[in-house]
Amino acid sequence: MMQNQGLLKNTMIPIFGGILLSFMFFYQFTHTTSLAQKILGDVHINQWISHFDQSMEGQNPWLRNYIAFTGLVGSIRPEIIYLEAMYDDNQTPLLGNQDYILKGTPPDCRYWSFVVYDFNNRRIEPYEETIASFHRIELDENGQYEIIITDDLRKYPDQNAISHAGNDFNIIMRIYGPKLSYYKNKSSVPVGSILPSKEYVELDN
Amino acid sequence: MLNWIIKFITAAVLSHAFFLWVGPHIVMSKLDKGLKRAQTEYRPECGERWVEGVIYSNPDCLSDVASSRRPNPDFIYTLIPYDLKKGNLLVSAPVPSDDRYWSIHAHNRNTDAFYKITNTEIDGDRFKFLVTRDRNLKSDLSVAYASSNKGLILFRLTMKNFKEYSILDEFRRSTNRKYVENL
Numbered sequence: 001m002m003q004n005q006g007l008l009k010n011t012m013i014p015i016f017g018g019i020l021l022s023f024m025f026f027y028q029f030t031h032t033t034s035l036a037q038k039i040l041g042d043v044h045i046n047q048w049i050s051h052f053d054q055s056m057e058g059q060n061p062w063l064r065n066y067i068a069f070t071g072l073v074g075s076i077r078p079e080i081i082y083l084e085a086m087y088d089d090n091q092t093p094l095l096g097n098q099d100y101i102l103k104g105t106p107p108d109c110r111y112w113s114f115v116v117y118d119f120n121n122r123r124i125e126p127y128e129e130t131i132a133s134f135h136r137i138e139l140d141e142n143g144q145y146e147i148i149i150t151d152d153l154r155k156y157p158d159q160n161a162i163s164h165a166g167n168d169f170n171i172i173m174r175i176y177g178p179k180l181s182y183y184k185n186k187s188s189v190p191v192g193s194i195l196p197s198k199e200y201v202e203l204d205n
Numbered sequence: 001m002l003n004w005i006i007k008f009i010t011a012a013v014l015s016h017a018f019f020l021w022v023g024p025h026i027v028m029s030k031l032d033k034g035l036k037r038a039q040t041e042y043r044p045e046c047g048e049r050w051v052e053g054v055i056y057s058n059p060d061c062l063s064d065v066a067s068s069r070r071p072n073p074d075f076i077y078t079l080i081p082y083d084l085k086k087g088n089l090l091v092s093a094p095v096p097s098d099d100r101y102w103s104i105h106a107h108n109r110n111t112d113a114f115y116k117i118t119n120t121e122i123d124g125d126r127f128k129f130l131v132t133r134d135r136n137l138k139s140d141l142s143v144a145y146a147s148s149n150k151g152l153i154l155f156r157l158t159m160k161n162f163k164e165y166s167i168l169d170e171f172r173r174s175t176n177r178k179y180v181e182n183l
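Chains as they are written, first to last, in this note's numbering: chain A, 1 to 205; chain B, 1 to 183.
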């Protein structure tokens with residue numbers, strides 16, 4: 001009896017404790033978490049975390065897992081830059097009970113888009129309403145995009161708007177075929193500002 | 001106490017290394033299951049998804065695939081899972097004009113990409129390439145050198161608007177693949 005207790009205390013507890021701690025740390029890299037974002041992003045620009053072609057051979061194994069669990073497969077450079085944001089400009093999580101204005105200058109590339117996903121990285125239905133891409137977004141006279149993110153597109157007829165359908169969400173910006181200078185100066189990738197629409201109107205006034 | 005700490009740290013490090021190794025393989029296994037379902041379960045709303053080893057995913061049917069995370073709604077994804085134990089893989093695919101983004105990526109079993117090409121790098125309206133593990137293999141065709149027997153080829157084709165789906169779906173369906181022993 002005493003021997004069993006000793007085995008439990010001196011061997012099993014430290015081994016299972018080590019495995020449990022290891023799994024808890026690993027789990028952080030299987031979801032879009034603050035820890036994963038802090039550690040893994042190539043460059044942090046405001047609230048945006050950038051990833052430059054995440055599926056390079058020989059990359060760090062934490063990033064490989066993060067990409068596999070959150071997006072399955074990436075790319076090899078120079079081809080795809082992903083940026084993701086979980087927060088607005090005030091560092092507040094993006095909430096499903098708010099409307100937001102996403103505004104900025106488009107990147108120089110072959111294709112770009114913004115897509116909103118829920119916090120589990122699943123797409124939001126109807127998925128056709130969750131994407132704003134350069135094929136369909138109208139830019140203003142200064143060449144900037146202004147996109148409303150809302151729970152109901154009917155509130156903003158004839159405007160660039162996409163839907164979070166009431167879900168707390170994150171945003172992915174995809175840049176395909178980017179100009180190569182972005183790789184030399186990673187901070188030069190233009191990112192958008194994200195503000196709750198009420199605050200944006202106040203600032204605009 | 002020192003013994004206790006050594007056991008704790010050793011268990012943590014070894015198990016963490018194991019989790020890091022097995023993670024991408026778990027995700028790829030989930031994908032295998034999704035692709036198997038596409039092969040064996042016909043759903044009218046999804047169309048013919050599995051045709052001779054090529055999976056023509058339908059954006060409407062992506063939400064119920066466990067491995068599908070953050071798909072781009074603008075993209076039509078075509079996938080070719082492969083096993084190079086059956087031979088080198090010869091892939092042939094139609095190439096759209098440069099005004100829409102299109103690319104091919106080839107991935108090892110651990111999800112790392114080892115090959116990439118886009119339509120702006122290709123002359124002509126059709127592209128053929130080989131996937132092999134044989135680093136000495138030379139060919140007139142473009143060659144993608146894989147590091148694992150099993151893997152995945154992924155095509156991304158952009159829809160400028162969602163109404164284009166049926167036209168582009170028909171366009172991509174001339175994609176084919178076959179295993180070849182000798183060239």
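Cβ coordinates follow ideal geometry from the N, Cα and C atoms, glycine included.
Here N136 of chain B is not near K85 of chain B, since their CB atoms are 8 Å or more apart. Within the same chain, Cβ atoms closer than 6 Å to the Cβ of L95 of chain A are found at D168, the five residues on either side in sequence being excluded.
In this structure, I76 of chain B keeps its C-beta atom at 8 Å or more from the C-beta atom of L14 of chain B. Below the 7 Å Cβ cutoff, chain A contributes Y111 as neighbours of T158 of chain B, in chain order. C-alpha of Q54 of chain A to C-alpha of A36 of chain A: approximately 14 Å in a straight line.
Contact between S197 of chain A and I162 of chain A does not hold, since the beta-carbon distance rounds to 13 Å and is not under 8 Å.
Closest option to R109 of chain B, judged by alpha-carbon separation, among B:A17, B:S166, B:W21 and B:E48: B:W21.
In this model, V91 of chain B and I76 of chain A are separated by some 20 Å (Cα to Cα). Against F69 of chain A, the close residues of chain B are G23, P24, I26, V27 and R69, in the order they occur along the chain (beta-carbon pairs closer than 9 Å).
Of all residues in the stretch 8-20 of chain A, those with a C-beta nearer than 7 Å to a C-beta of chain B are N10, T11, P14, I15, G17, G18 and I19, reading in chain order.
Sixteen is the threshold: since fewer than 16 other Cβ atoms of the shown chains lie within 10 Å of the Cβ of R43 of chain B, the residue is exposed. Taken in chain order, the whole beta strand (DSSP E) runs of length 3 or more contained in the stretch 91-178 of chain A are 100-104, 109-118, 131-133, 145-150, 161-163 and 169-178. E84 of chain A counts as buried, since at least 16 other C-beta atoms from the protein chains shown sit within 10 angstroms of its C-beta. Per DSSP, H16 of chain B is one residue of the alpha helix (DSSP H) stretching across L2 to T40. By the 16-neighbour rule on beta-carbons within 10 angstroms, L180 of chain A is exposed. Taking all protein chains in view, the Cβ of L157 of chain B is crowded by 16 or more other Cβ atoms within 10 Å, so the residue is classified as buried.
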